[in-house]
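S.K.: Sequential numbering of the sequence shown, starting at 64, is according to my numbering. Below is a structure I'd like to ask you about.
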Amino acid sequence: MEKIAVVTGGSEGIGEAAARALAADGWKVYVAARSVDKLEKIAEEIGGVAVELDVTSQESVDALAAQLEHVDLLVNNAGGARGLDYLRDADLDDWQWMYDVNVVGLVRVTKALYPKLIESEGLIINLGSIAGFTPYVGGSGYNAAKHGVRALTRAMRLEEVANPVRITEIDPGRVKTDFSVKRFKGDEDRANQVYDGKLNLTAEDVAEAIRWVASLPVHVNIDTMNIMPRDQA
Ligand SMILES: NC(=O)c1ccc[n+]([C@@H]2O[C@H](COP(=O)([O-])OP(=O)(O)OC[C@H]3O[C@@H](n4cnc5c(N)ncnc54)[C@H](OP(=O)(O)O)[C@@H]3O)[C@@H](O)[C@H]2O)c1
């Protein structure tokens, strides 16, 4: 049977690179996000399927689940950061966005696809972050969300240990994508300062880890993987 993967946040960055790497490894990839034009181009190039998906909408997630007969791999990648404010100045709309997408969105998609993942002895890969291990100044909203991803991934791994489903968390350090442009709401100069003069990971570096984890036999569970550029520790 064809191996089916769903990659959320597949329209750019790490998700797009993961979709391409998985397709090159023989997976049929459902590339899912909100930017349909980008998804259609990617899906056409990799022989996959473009799916309009907003992980914050139950209706949208249900529609994704309804169009899948089976699923072998779910890459919960949709996410990101908004703002770099001290907590005392927190923009609560930014905090809400970060929690809704990174945490609740991940749970919503996982719940919807769980029965199919169990049926296929499948694999769930959650994109955490080094921000889920190490808080930093101005990071409290994103730190809290990615600590949340780590906590729920660890709890789910324990809950499902006797069931035929594998659960992996991949925690990158600094990856050069549009992540920071979005975090700083379009301020490219500020975003560039995050990466300039540093050895940054590429989206492809993280995608290769996702591809490798997904290539392992069903009795092997990679629990957690930290991936950093050499000059970040
Ligand atoms: N870049 C880094 O340094 C870094 C480091 C560690 C962890 N991460 C994590 O890795 C993941 C990918 O980040 P990235 O760097 O590739 O960022 P990115 O280039 O900004 O990509 C984010 C993706 O998430 C999607 N997305 C956002 N809101 C969504 C929603 N409501 N429903 C569905 N999809 C949504 C976006 O697609 P649409 O806008 O088309 O919906 C986009 O495809 C995130 O979880 C991020 O927190 C990133």
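For glycine and all other residues, C-beta sits at the position ideal for the given N, C-alpha and C. Since this is a predicted model, take the numbers as computed values, not measurements.
(1) In the DSSP assignment, what are the bridge partners of methionine 288?
(2) In the DSSP output, what is valine 69 paired with across the bridge?
(3) According to DSSP, which residues form a beta bridge with asparagine 189?
(4) How is glutamate 107 classed by DSSP in three states: helix, strand or coil?
(5) Quick check on DSSP: helix, strand or coil for leucine 262?
(6) State the CB to CB distance for the pair lysine 209 and asparagine 165, rounded to an integer number of angstroms; the pair is presumed to be in contact (CB under 8 Å).
(7) Taking the beta carbon of glutamate 108 as the centre, do at least 16 other beta carbons fall within 10 Å, making it buried, or is it exposed?
(8) If we count the other Cβ atoms within 10 Å of its Cβ and call it buried at 16 or more, is aspartate 135 buried or exposed?
(9) Need the endpoints of the alpha helix (DSSP H) that glutamate 223 sits in, please.
M.R.: Quick answer:
(1) BP columns for methionine 288 point to Ile233.
(2) DSSP lists Tyr93 and Leu137 as partners of valine 69.
(3) DSSP links asparagine 189 through a beta bridge to Asn139 and Glu232.
(4) If DSSP states are grouped into helix, strand and coil, glutamate 107 belongs with the helices.
(5) In the three-state DSSP reduction, leucine 262 falls in the coil class, being neither helix nor strand.
(6) Taking a contact as a CB-CB distance under 8 Å, the pair lysine 209 and asparagine 165 counts as one, their CB atoms being some 6 Å apart.
(7) With fewer than 16 other Cβ atoms from the protein chains shown falling within 10 Å of its own Cβ, glutamate 108 counts as exposed.
(8) If you draw a 10 Å sphere on the C-beta of aspartate 135, you find 16 or more other C-beta atoms in it, and that means buried.
(9) Looking at the DSSP string, glutamate 223 is not in any alpha helix (DSSP H), and its letter there is neither H nor E.
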